[in-house]
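Chains as they are written, first to last, in my numbering: chain A, 1 to 165; chain X, 1001 to 1148.
Note that the Cβ used here is the ideal one computed from N, Cα and C, for glycine as well.
Source: prediction; values computed, not measured.
Okay, so here's the structure we're looking at.
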């Protein structure tokens, strides 16, 4: 006979509001912006950028969604887990990815002061001008989703790959 | 200091303009929108955005005193009404996520002054200017280039 053990987790909080229902035109504009920004960029790189920004901004919903999306795009668990300490685990990533991650941090945390020249220039070495513009747009857009997610307290855990496609 | 690049992503730029326009329309208060947008741009140190939105705010008739004291709005009680103060508190919380979430009291204070639809558009406006701030600071677009 086997006994099944169940773990008592804390109760799930409810979202503060469903902003996409309250402002459907805003949601449509966000979806359009997101699609424009990422167009042509490597999907795995995009997910690394999204994961790093979402961690910095503490967006639980976004972390849930983009971890699942990254795995679906063929990302490894190891590279996802190491992302929080990428400076100490540089050998998990390409120089191009590292330049993008560093730019992500600088563009995400503007309150500590601007985007340093060395960070921008390193990114510019790996991304040609149009691609760099899209990378910056992609970083800005995940910051936008993070703000919606955190402010309306979107509930993590229920996302399934492809839900918003 | 010069701009880093002139290449902004055109399609993303158009989509972002659309987002800002929809958010502003849904909020339905152009003067308040400018206070919100300027406060976020101060926090994010976006020179281009400050230059542009200070000009727009003046055009909408926002008072010099409200613009001058915006960085210290909490200490200038008589200059901003309760609705403006609730919106500014929300702006700061949504803009600075790195120090931890959007507190219940800040969210609820805003929810007292804005119904759900307006609140969603106010949040969208704060999100949109944060997006602009990142694009403009990231590319180091210099101030002064905006003409109404």
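In chain A, which residues lie with their C-beta within 7 Å of the C-beta of residue i?
i                       : result
residue 1004 of chain X : 120
residue 1116 of chain X : 17 and 22
residue 1094 of chain X : 147 and 151
Chain A partners of residue i, CB-CB under 8 Å?
i                       : result
residue 1011 of chain X : 36 and 39
residue 1101 of chain X : 58 and 150
Mind listing the chain X neighbours of residue i? Cutoff is C-beta to C-beta under 7 Å, in chain order.
i                     : result
residue 56 of chain A : 1098
residue 65 of chain A : Those do not exist, as residue 65 of chain A stays about 17 Å from chain X at its closest Cβ, beyond 7 Å.
residue 98 of chain A : Those do not exist, as residue 98 of chain A stays about 17 Å from chain X at its closest Cβ, beyond 7 Å.
Roughly how many whole angstroms lie between the Cα atoms of residue i and residue j?
i                       : j                       : result
residue 40 of chain A   : residue 27 of chain A   : 22 Å
residue 1021 of chain X : residue 8 of chain A    : 46 Å
residue 31 of chain A   : residue 1075 of chain X : 39 Å
residue 1054 of chain X : residue 47 of chain A   : 36 Å
residue 99 of chain A   : residue 1092 of chain X : 29 Å
residue 1146 of chain X : residue 1050 of chain X : 10 Å
residue 1096 of chain X : residue 1087 of chain X : 14 Å
residue 1016 of chain X : residue 147 of chain A  : 15 Å
residue 38 of chain A   : residue 1077 of chain X : 43 Å
residue 1143 of chain X : residue 1137 of chain X : 10 Å
residue 1037 of chain X : residue 1012 of chain X : 19 Å
residue 1112 of chain X : residue 105 of chain A  : 34 Å
residue 1070 of chain X : residue 145 of chain A  : 26 Å
residue 60 of chain A   : residue 54 of chain A   : 8 Å
residue 143 of chain A  : residue 6 of chain A    : 37 Å
For chain X, is any of its Cβ atoms less than 9 Å away from the one on residue i?
i                      : result
residue 157 of chain A : no
residue 106 of chain A : yes
residue 160 of chain A : no
residue 19 of chain A  : yes
residue 111 of chain A : yes
residue 136 of chain A : yes
residue 29 of chain A  : yes
residue 25 of chain A  : yes
residue 79 of chain A  : no
residue 103 of chain A : yes
residue 130 of chain A : yes
residue 141 of chain A : yes
Would you say residue i reaches chain A, if we count a Cβ-Cβ gap shorter than 9 Å as a contact?
i                       : result
residue 1080 of chain X : no
residue 1147 of chain X : no
residue 1029 of chain X : no
residue 1124 of chain X : yes
residue 1121 of chain X : yes
residue 1134 of chain X : yes
residue 1072 of chain X : no
residue 1026 of chain X : yes
Along chain A, in chain order, which residues have C-beta atoms closer than 9 Å to that of residue i?
i                       : result
residue 1043 of chain X : 110 and 111
Mind pulling the chain X residues with CB within less than 8 Å of residue i?
i                      : result
residue 115 of chain A : 1137, 1138 and 1140
Taking three-plus beta-carbon pairs below 8 Å as touching, is the stretch 76 to 92 of chain A in contact with the stretch 1085 to 1101 of chain X?
-> The stretch 1085 to 1101 of chain X and the stretch 76 to 92 of chain A do not touch, with fewer than three beta-carbon pairs separated by less than 8 Å.
Take every Cβ of the stretch 108 to 117 of chain A, pair it with every Cβ of the stretch 7 to 24 of chain A, and state whether three or more of those distances are shorter than 8 Å.
-> Here the stretch 108 to 117 of chain A makes no contact with the stretch 7 to 24 of chain A; the two share fewer than three CB pairs at distances below 8 Å.
On the three-pair Cβ rule with 8 Å, is the stretch 1059 to 1079 of chain X touching the stretch 1031 to 1038 of chain X?
-> yes
Inter-stretch contact at 8 Å, needing at least 3 Cβ pairs: the stretch 139 to 156 of chain A / the stretch 1101 to 1117 of chain X = yes
If you pair each beta-carbon of the stretch 131 to 144 of chain A with each one of the stretch 48 to 59 of chain A, do three or more pairs fall below 8 Å?
-> Yes: at least three Cβ pairs fall under 8 Å.
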